[in-house]
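Encoded as structure tokens, the structure appears first; notes follow it.
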Amino acid sequence: MSTTQFFDSPQGRRIAYHKSGTTQPTIVFLGGLKSDMEGTKAIHLEEWAQARGQAFLRFDYSGHGESSGTFEEGCIGDWHEDTLAAVEALTTGPLIVVGSSMGGWQALLLARAIPERIAGMVTIAAAPDFTEDSYWASFTEAQKEALDTVGHVELPSDYMDPFVITKRMIEDGRTRLVLRAPLVFDFPVRFLQGTEDTAVSTETAIRLLNHAEGPDMRLTLVKGADHRFSDADCLSLIEKSIEKVMARR
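Taking my numbering, the leading residue of the sequence shown gets 135, the next gets one more, and so forth.
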């Protein structure tokens, strides 16, 4: 297992990361909201990549895990900056981007920012535009008022402690939306989604598939899988999906 290292981003954030392997393309794992790089999928994929000698990078966004800052200070744009900084500072050559939940949105933003470096993408319960289409769209008038007066609201989660959603996160999210403009992939893409996911709906996965354009895109629905998507069968499917996009790039 690799050891935790740190680098300072251009924005002055201290980002924790693990990097291993040398064979390109580099697999970059992008975790979900309030997740960290010690999660089941991140660790499993690192071990799998190490067995292949494959270059692999996992890191914590600011306000997550071992990186600097607090979650409540952050927003989608900050974590996009962290992702870009990590990729630019710690990798060279082509990338296979693997994004889970909010990390799926980050993967789409990364592909829009540096399309020339993306050789393939795998998303797991990708949650593009969730600050607008899930959070804001479901807020009551009282919650919207609380954003203005208090600056945040708390939302329950089926998978962890309640989320503190700030006004800044909502407003910044509106500047990062990816489903309102063309989304073109010139590389192989595999979207994975569980049918029992209560955080990201199957409809979201289908909307993303229908919205995006590209010559090699597929959506796989796994009946009964939930948002964690981390049992043995799901982990094996992620491995196979990465292998397929690497083979077809």
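Where a beta carbon is used, it is the ideal one built from N, C-alpha and C, also for glycine.
When DSSP builds the beta bridges, which residues end up paired with residue 324? 256 and 352
Following the continuous alpha helix (DSSP H) through residue 346, name the residue where it begins and the one where it ends. No alpha helix (DSSP H) contains residue 346, which DSSP labels as neither H nor E.
Exposed or buried, what is residue 139 when buried is set at 16 or more other beta-carbons lying within 10 Å of its beta-carbon? exposed
Rounded to the nearest angstrom, what separates residue 199 and residue 353 at their Cα positions? 30 Å
Proximal residues to residue 170 (C-beta, below 6 Å), its chain only, five neighbours per side dropped: 194, 198 and 199
Alpha carbon to alpha carbon, how far is residue 350 from residue 382? 9 Å
So residue 225 and residue 160 are in contact, right, with Cβ under 8 Å, and what is the actual spacing, rounded? 5 Å
Could you pull out every residue in the same chain whose Cβ sits closer than 7 Å to the Cβ of residue 178, ignoring the five residues on either side in sequence? 369
Across which residues does DSSP place residue 142 in a beta bridge pair? 148
For residue 326, which residues from the same chain have a beta carbon less than 6 Å from its beta carbon, with the 5 sequence-adjacent residues on both sides left out? 258 and 354
Beta-carbon proximity check, residue 167 vs residue 255, cutoff 8 Å: no
Between the C-alpha atoms of residue 302 and residue 248, what's the straight-line distance to the nearest angstrom? 25 Å
When the Cα of residue 243 is compared with those of 260, 310, 273 and 347, which residue comes out closest? 310
Let me know if residue 339 comes out buried or exposed under the rule of 16 or more other beta-carbons within 10 Å of its beta-carbon. buried
Judging by CA-CA distance, which residue of 304, 276 and 163 is the nearest neighbour of residue 183? 163
Select from 320, 297, 314 and 358 the residue whose C-alpha is nearest the C-alpha of residue 331. 358
If distances are taken between C-alpha atoms only, which option among 366, 221, 336 and 305 comes closest to residue 153? 221
Can you look up residue 220 in the DSSP assignment and give me helix, strand or coil? helix
Count the other CB atoms, across all protein chains shown, that sit within 10 Å of the CB of residue 316; report buried if there are 16 or more and exposed otherwise. exposed
Give the secondary structure of residue 363 by DSSP, where H, G and I count as helix, E and B as strand, and everything else as coil. coil
As an exercise, report each continuous alpha helix (DSSP H) stretch of at least 4 residues that is fully enclosed by the segment 230-312, in chain order. 236-247, 275-283 and 301-307
Am I right that residue 150 and residue 201 are in contact with their C-beta atoms under 8 Å? What's the rounded C-beta distance? 5 Å
Under the rule that 16 or more other beta-carbon atoms within 10 Å means buried, what is residue 290, buried or exposed? exposed
Less than 8 Å between the C-beta atoms of residue 356 and residue 371, yes or no? yes
Could you spell out where the alpha helix (DSSP H) holding residue 176 opens and where it closes? 174-186
Please classify residue 315: does DSSP put it in a helix, a strand, or coil? coil
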